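Novice: This is the structure I have questions about; it appears just below.
Residue numbers (the numbering used here), protein chains in the order written: chain A, -8 to 392; chain B, 80 to 388.
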């Protein structure tokens, strides 16, 4: 059953939903990355909640005009208009009043959503049109998806991707350094507006599949996930699109494979699973990598300090240090240094003395700044320089007298 | 309107609405000033899985387990946001977005998976609450307020919300000085020996308690609106924290009363038959208040910025 779901064998509707969701997830991941890099991820929350009144008004208008009120394109147009108004209100509040952006986001999302709920109850009491399915916009409903709906979603996703492709460079620049972008003569405000417009487009297109409350997840989570894997913005954008597409496809397939698995929440949970995996396993930025890095560092410090203690004839009590020295074959079980251990210890102490000279020399300031107690001096100074230092401190001497 | 009609049908929902609005607006003032305004948004999303889990564990709709579940979920969310922010080195907004959407999705999934069709527990209810249904059928008029027999059948949400409001007021009154100092100058507060981390956590927990109690009675959308809109409107009216809190309470009460009246009677005035969602209308009215304050409030622009910038 699950295999059937992944290979699109579960019938017409499930196939439509899976393909539509994958397209949407890709578009949302790519668009969301710019939002995330601009540090305005939660703006999408305001945008998505602000779509509700528009959906309701469009439904009312279409129902009053005699239609059944459920034309997806009409509803999406309405939602886009009201999301645009919400976005404008938010920008106005942040620009013209003392409110910070987070307060403006919260105000817009709660007020628009509240008003949308008022309109929803109006629709319920008026009893016009085919109201069934309108509440599906809250949490998404893929059960009755039509071919025309899928076409609308696919077209919206494709246009969004095309726009991103055309404007990726200025958007990246604005996301990283708006001041520099302004100094270069880029219209930062208009680019910001375009970024928000793209977010709005993705939100509107995604209403049908994941619903307005959860579309935020598709915009934020893949971008955050992709950030773990790369430090290059173009890679992050591509990875975010990939993660978003994969999560949406798997989620849609999973939800089709069993009853009572709503598509939107499953997609969100799959993307969170990808996020959690990345958080722990990603190279460099992941938690596991950080733990390993810390342990490697700890071992180096212990080994180095153990060698210095050996060279100076001090007793070692620290169990980790002893274990590391023994495992490296530098120390015998009875605590006496092996020949190799003695050589390494003498070298460590001599390096320490060499560093001391370097750090006392004003002309070597740049090299001295690299001293951290672990760095091998050969990686900083040339052979000639080290010989010069050795000449100053004299040849090897007996440490214990 | 006569007392016989008003007291049983409108008095209790209106009072509950007012209490919920004020209980959320008070901590909202501090959250707004601390740039944590969206905590309310996050909390109101994450309580859903908490409530559903509490329901699945106890198998019934009862207040205390659900409040505990919701509070537990709020704490889990705060811890998760903090953990993701630190472990993944992600900016707080994005970390919050990851956590609350995931937990909300989990709540919806649990709700769909479990057999809750027999009981009144669904996502719509969680979003817009059922303020209109909290009526006091045993009241016959204003005299019932003194009648112990009738008072016994007050909707339980009313005393619970009142208690929450008292708790929130107590927290703010007790820690007033510390809250004020640490809100405006955290570094200075720390040098004075105020444990700012604990205090911040306390504020978030107070907000969560208010949100959970209000959520139970009036739904989540009103909670988000009341955390932000009254405080934001009040911020436009004054530069003094004391006055701001006073204004915010005023805005909250106004929004609750006016919103309830408009929702209940507005459609009748316009010739309709049924009321619209009171929670939604209260949020809308609070937005109207914010719009007026943002347009005409005496302190609406940033301090120091020239007019028109």
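The beta carbon of each residue, even a glycine, is placed where N, CA and C say it ideally should be.
From a predicted model like this one, the values you see are computed outputs, not experimental measurements.
#1: Which residues in chain B sit within 8 Å of residue 276 of chain A, going by Cβ to Cβ distance?
#2: How is residue 41 of chain A classed by DSSP in three states: helix, strand or coil?
#3: Is the beta carbon of residue 282 of chain B sitting closer than 7 Å to the one on residue 109 of chain B?
#4: When DSSP labels each residue in this structure, what does residue 324 of chain A get in the three-state scheme?
#5: Could you list the residues in the stretch 115 to 126 of chain B with a C-beta less than 8 Å from some C-beta on chain A, going in chain order?
#6: For residue 383 of chain A, which residues of its own chain have a beta-carbon under 8 Å away from its beta-carbon, when the five flanking residues on both sides are left out?
#7: Alpha carbon to alpha carbon, what distance is there between residue 13 of chain A and residue 158 of chain B?
#8: Using 10 angstroms around the beta-carbon of residue 3 of chain A, count the other beta-carbons present and answer buried if the total reaches 16, otherwise exposed.
#9: To be precise: take each residue of the stretch 57 to 82 of chain A, compare its Cβ to all Cβ atoms of chain B, and keep it if any distance is under 7 Å. Which residues remain?
#10: So, is residue 256 of chain B buried or exposed, given that buried needs 16 or more other C-beta atoms within 10 angstroms?
#11: Give the range of the alpha helix (DSSP H) segment to which residue 87 of chain A is assigned.
#12: Does DSSP put residue 250 of chain A in a helix, in a strand, or in coil?
#13: Which runs of the beta strand (DSSP E), 3 residues or longer, sit entirely within the stretch 279 to 304 of chain A?
#14: Taking Cβ positions only, does residue 21 of chain A come closer than 7 Å to chain B?
#15: Can you name the start and end residues of the alpha helix (DSSP H) that residue 341 of chain A belongs to?
#16: Looking at the structure shown, is residue 299 of chain B part of a helix, part of a strand, or coil, going by DSSP?
#17: Name the residues in the stretch 95 to 107 of chain A whose C-beta lies less than 9 Å from a C-beta of chain B; which are they?
#18: For residue 140 of chain A, count neighbouring Cβ atoms within 10 angstroms of its own Cβ and tell me buried if that reaches 16, exposed if not.
#19: Return the CA-CA distance between residue 310 of chain B and residue 302 of chain B, expressed in angstroms with no decimal places.
#20: Within its chain, find whatever has a CB closer than 7 Å to the CB of residue 274 of chain A; leave out the 5 residues flanking it on each side and keep chain order.
#21: Looking at residue 18 of chain A and residue 176 of chain A, is the spacing between their C-beta atoms short of 7 Å?
#22: Counting only the same chain and skipping the five closest in sequence on each side, list residues whose C-beta sits under 6 Å from that of residue 29 of chain A.
#23: Could you tell me how far apart the beta carbons of residue 75 of chain A and residue 103 of chain A are, in whole angstroms, since I believe they sit closer than 8 Å?
#24: Can you tell me whether residue 357 of chain B is buried or exposed? The criterion is at least 16 other CB atoms within 10 Å of its CB, across all chains shown.
#25: With 7 Å as the threshold, decide whether the Cβ of residue 228 of chain B is near any Cβ in chain A.
#26: Closer than 7 Å, CB to CB, is residue 15 of chain A near chain B or not?
#27: Taking the alpha-carbon of residue 106 of chain B as reference, which of B/165, B/251, B/179, B/320 has the nearest alpha-carbon?
#28: Report the residues of the stretch 157 to 178 of chain A with a CB closer than 8 Å to any CB of chain B, ordered along the chain.
#29: Please list, in chain order, the chain A residues whose beta carbon lies closer than 9 Å to that of residue 314 of chain B.
#30: Pick helix, strand or coil for residue 78 of chain B, following the three-state DSSP scheme.
#31: I'd like to know whether the C-beta of residue 360 of chain B is nearer than 7 Å to at least one C-beta of chain A.
#32: Of all the beta strand (DSSP E) runs that stay within the bounds of the stretch 252 to 307 of chain B, which reach a length of 3 or more residues?
#33: Pull out every residue of the stretch 182 to 195 of chain B whose Cβ sits closer than 7 Å to any Cβ of chain A, in chain order.
#34: Between B/174, B/214, B/340, which lies nearest to residue 215 of chain A when the distance is taken from Cα to Cα?
#35: If you count every other CB in all the chains shown that lies within 10 Å of the CB of residue 47 of chain A, and 16 or more means buried, which is it?
Specialist: According to the structure data:
#1: 167, 168
#2: coil
#3: yes
#4: coil
#5: 115, 116, 117, 119, 120, 124
#6: 348
#7: 32 Å
#8: Under a 10 Å Cβ-count criterion, residue 3 of chain A is classified as exposed, with fewer than 16 other Cβ atoms of the shown protein chains found around its own Cβ.
#9: Cβ contacts with chain B come from no residue of the stretch 57 to 82 of chain A.
#10: Counting Cβ neighbours within 10 Å, residue 256 of chain B comes out exposed, since fewer than 16 surround it.
#11: 63 to 87
#12: If DSSP states are grouped into helix, strand and coil, residue 250 of chain A belongs with coil.
#13: Runs of the beta strand (DSSP E) lying entirely within the stretch 279 to 304 of chain A, each at least 3 residues long, are absent.
#14: no
#15: 330 to 351
#16: helix
#17: If you check each beta-carbon in the stretch 95 to 107 of chain A against every beta-carbon of chain B, the ones closer than 9 Å belong to 95, 96, 97, 98, 99, 100, 101, 102, 103, 104, 105, 106, 107.
#18: Flag for residue 140 of chain A reads buried.
#19: 13 Å
#20: Excluding positions up to five away in sequence, the list reads 280.
#21: no
#22: For residue 29 of chain A, where only same-chain residues beyond five positions count, the Cβ hits under 6 Å are 166.
#23: Not really, about 11 Å apart at Cβ, beyond 8 Å.
#24: buried
#25: no
#26: no
#27: B/251
#28: none
#29: 88, 89, 90, 94
#30: Outside the shown range of chain B, which is 80 to 388, sits residue 78 of chain B, and nothing can be said about it.
#31: yes
#32: Within the stretch 252 to 307 of chain B, no complete beta strand (DSSP E) run reaches 3 residues.
#33: 183, 184, 185, 187, 188, 191, 192
#34: B/174
#35: buried
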